[in-house]
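Our numbering puts the first residue of the sequence shown at 311, with every later residue one more than the last.
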Amino acid sequence: MACKGMEERDRTLRQCARGVGVVALVFSLTVATLLAVDAARVGPVETVRSEVLAQALAQSRAETATPQTVAFARELDRLARRAYFNSLSFRQQGMALLVLGLLLTAGSFGVACRLSLRIPDPRALSGEDPARADRWAVNAVLAAGALLLMTAAIMQVRQGRQPGGGTADRALRASLINPALKPGEAHACPCRRGTSQTALAAQWPFLRGPEMSGRTTLTNLPLAWNGMTGHNIRWKSKLTRGGSSTPVVWGNRLFLTTGDSQTRSVMAYDTATGGLLWSRDVPDGAKGGEPLPETSEDTGLAASTPACDESRVYAIFASGDLTALDHDGQIVWQLYLGRPHNTYGHASSLVYCGEMLIVQWDQEERSRILAIDKTSGRTLWETPREAGMSWSTPLIMPLCDSYVLLVHASGQTWGMELATGKKLWQVEAVTGEIAPSLAWEKDVWLAANCYSRMVAYRMPQQGEPQQLWEWDEGNLPDVASPVILDGLVFLVTDAGEVLCHDLADGKQLWYKEFEDGFYASPVAAEGRVYIVDRKKGVFRVYGATREVKELAVNPMGEAVSATPIIAGGQLFVRGHDHLWCIGAGAP
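Encoded structure:
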């Protein structure tokens, strides 16, 4: 009787395990079918591109745009972004559920198989072998699971290579290696040679200024001006070609980039007069006749801000071309990195430390971080990574007597050893389409992105960063980077908001809202924060205080999307139509 009771129990358990396995198998097949249908119907997960959205955004920037038009465009853009993130989340969660369902299916039939292997009562034997059926079921599930996972992997790879990632494109990508160091270089990192930090302080050599922070120690800056009346305007020069990059300045030369489907160029202006000194077209490095990548109207082919030093200017374009020119406009060296596959167009800007130029090449496929020798164009190191697309600019942050390189993308912000390109740590700071760059002050760095959060980390002398706080109770920047000054965090959003937070705990101290949104990042100097809206180019100057203190409102009279820069006691502004120089005491 006891044996018979154990058999009945085992039979019941086996049937339950088989039942769970069948349900899990049906669930897995359903998830796999939904993923396959979604992939076939939607294709690669990309940001929504729509003629209606493009027209709405264009109309919202027109001079005749009404508040209703602007609100409609913002809502349409928000819905498009939400559709992108929902589709991405659907596929990621679907793959996780598929793997979980297959594991549960295999485990359930495996349990049933083990129960079938127990020695039964000989008196109850029949011609059937339950263990054999369960073994067949386990093998079938494992084979089906392997097939489904292989199919999903193939689809993912194919999607990652569309539409411009064919064999020809891959073959024409730069053949980059890590060459051996020259004799004597083993203990002399190129980041320790060349341009010094002292020399940088008086210039504006990067998108985010000499400290890559959006602030400067320069003084005697203008407070009030008017681009429409000419008050405190030293000069303005007509811009004949488009581009959304920010200018950079070294000494008496201002450099900026322009580009369209015909040519990409680097230009130099005299900072004293605004006169054009030279313009140099950069040849297309693609030799196989590959078409230029598609870019959004806002980004274009010349969105990355160049970098400059005492003898050269370095520029990168969305065509995949990286080049160095001397101050007279002669090309010193040029590299071709391959056509980038990027929804809006490549926009990460260049930075350097000493003789080491850093390139953040985060694309849909073959993302990598590169260190290039500024003098020769030689690759010092290259670190591949699977980060997806990012439009953020790297940050070289001083840490004790060394530096740490921070590279920022969705769900993964890396800390890297500057000398070798070795990945030191990774944290999940923010998610989404990452355009705002990191901000920092002392030993704290901060990330913020719309539809995600703002989060601050403290860098210890060794080890991974320690999270201090996070804030996600309101709108955050879509494009503009934060700036930190004297323990206060200042942010602007494309919805027209200006925010001030306490760096110590993340609490919001004050908030202002305006009709027009912001693309240009705020810059800070002399206890002031300068911001400019995108549509009308109205500058507002705030005191870096815990209570809102508006010091001046200065109209430019034209749209401004590029970040203003500070050099030689003057502000330089790239507007939609003109390049401006603003200085106190000008007529």
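Ideal placement from N, C-alpha and C gives every residue a C-beta, glycine not left out.
**Asked** Should R525 be labelled buried (16 or more other beta-carbon atoms within 10 Å of its own) or exposed?
**Response** buried
**Prompt:** Which of the three DSSP states, helix, strand or coil, is assigned to A869?
**Reply:** coil
**Asked** Who are the near neighbours of A862 in its chain, counting only those whose CB is closer than 6 angstroms to its CB and skipping five residues on each side?
**Response** L533, A534, V851
**Request:** Mind checking who W750 pairs with in its DSSP beta bridge?
**Result:** W755
**Prompt:** Which same chain residues, not among the five before or five after V714, have their C-beta less than 6 angstroms away from its C-beta?
**Reply:** M707, G725
**Prompt:** Between which two residues does the alpha helix (DSSP H) containing Q507 stretch?
**Reply:** 507–510
**Message:** Tell me which residues share the same chain as V467 and place their Cβ nearer than 7 angstroms to its Cβ, disregarding the 5 neighbours each side in the sequence.
**Reply:** Confidence at V467 is low in this model, with a pLDDT of 48, below 50, so the placement of that residue should be treated as unreliable; the coordinate-derived value is given next. Answer for V467: no residue qualifies.
**Message:** Can you confirm whether the region 763–776 touches the region 696–711 when touching is taken to mean that 3 or more C-beta pairs between the two stretches lie within less than 8 angstroms?
**Reply:** yes
**Request:** In the DSSP assignment, find the beta strand (DSSP E) that holds S308 and state where it starts and stops.
**Result:** Residue 308 is absent from the structure shown; the chain starts at 311 and stops at 897.
**Asked** For the beta strand (DSSP E) that contains H888, what are its first and last residues?
**Response** 888–893
**Prompt:** Where does H497 sit, in a helix, a strand or coil, going by DSSP?
**Reply:** Because H497 sits at a pLDDT of 44, beneath the cut-off of 50, its placement in the model cannot be relied upon, and the following sentence gives the value as read from the coordinates. In this structure, H497 counts as coil in the three-state DSSP scheme.
**Selection from N864, H886, V883 that minimises the alpha carbon distance to H541** = N864
**Message:** Since I626 and V576 should fall inside the 8 angstroms C-beta cutoff, what is the C-beta to C-beta distance between them, to a whole number of angstroms?
**Reply:** The Cβ separation is near 11 angstroms, so there is no contact.
**Prompt:** Grouping DSSP H, G and I as helix and E and B as strand, with all else coil, what is A596?
**Reply:** coil
**Asked** Which value, in whole angstroms, describes the spacing of the CA atoms of D608 and E751?
**Response** 30 angstroms
**Request:** Could you say which of D753, L531, V839, S658 lies nearest to S555 if we only look at CA atoms?
**Result:** S658
**Opening and closing residue of the beta strand (DSSP E) in which R649 lies** = Segment: none, R649 is in no beta strand (DSSP E) and carries neither H nor E.
**Asked** Does the separation of the CB atoms of C499 and W560 fall below 8 angstroms?
**Response** no
**Asked** Q325 by DSSP, collapsed to three states: which one?
**Response** helix
**Request:** Sort T568, S720, W643 by Cα distance to T689 and report the nearest one.
**Result:** W643
**Message:** If you reduce the DSSP assignment to three classes, tell me which class L344 lands in.
**Reply:** helix
**Prompt:** What's the gap between the Cα of A729 and the Cα of G411?
**Reply:** 45 angstroms
**Status (buried if at least 16 other CB within 10 Å, exposed otherwise) for L734** = exposed
**Asked** By a C-beta neighbour count over all protein chains shown, 10 Å radius and 16 as the cutoff for buried, is E665 buried or exposed?
**Response** buried
**Message:** Under 8 angstroms, with one C-beta from each stretch per pair, do the region 779–791 and the region 739–747 reach the 3-pair mark?
**Reply:** yes
**Request:** Identify whether R695 lies in helix, strand or coil by the three-state DSSP scheme.
**Result:** strand
**Request:** For the region 771–851, list the beta strand (DSSP E) runs that are entirely contained and at least 3 residues long, ordered along the chain.
**Result:** 776–781, 793–795, 798–802, 807–812, 818–823, 833–835, 838–842
**Item:** CA-to-CA distance, D636 to W514, given in whole angstroms
**Value:** 17 angstroms
**N- and C-terminal bounds of the beta strand (DSSP E) containing H718** = 712–719
**Message:** Using C-beta distances below 6 angstroms, list every residue in its chain close to T568, excluding the 5 sequence neighbours before and after it, in chain order.
**Reply:** R551, G553, S575, A612
**Message:** So, with DSSP's three-state summary, where would you put S485?
**Reply:** For S485, the pLDDT reaches just 31, beneath the cut-off of 50, and the residue's location in the model is therefore unreliable, leaving the point undetermined.
**Request:** For G837, count neighbouring Cβ atoms within 10 angstroms of its own Cβ and tell me buried if that reaches 16, exposed if not.
**Result:** exposed
**Prompt:** If we count the other Cβ atoms within 10 Å of its Cβ and call it buried at 16 or more, is R319 buried or exposed?
**Reply:** exposed
**Item:** Range of the contiguous beta strand (DSSP E) that encloses E727
**Value:** 722–727
**Request:** Report, in whole angstroms, the separation of the C-beta atoms of K845 and A869, which I expect to be a contact under 8 angstroms.
**Result:** 6 angstroms
**Prompt:** If you run the structure through DSSP and keep just helix, strand and coil, what is F565?
**Reply:** strand
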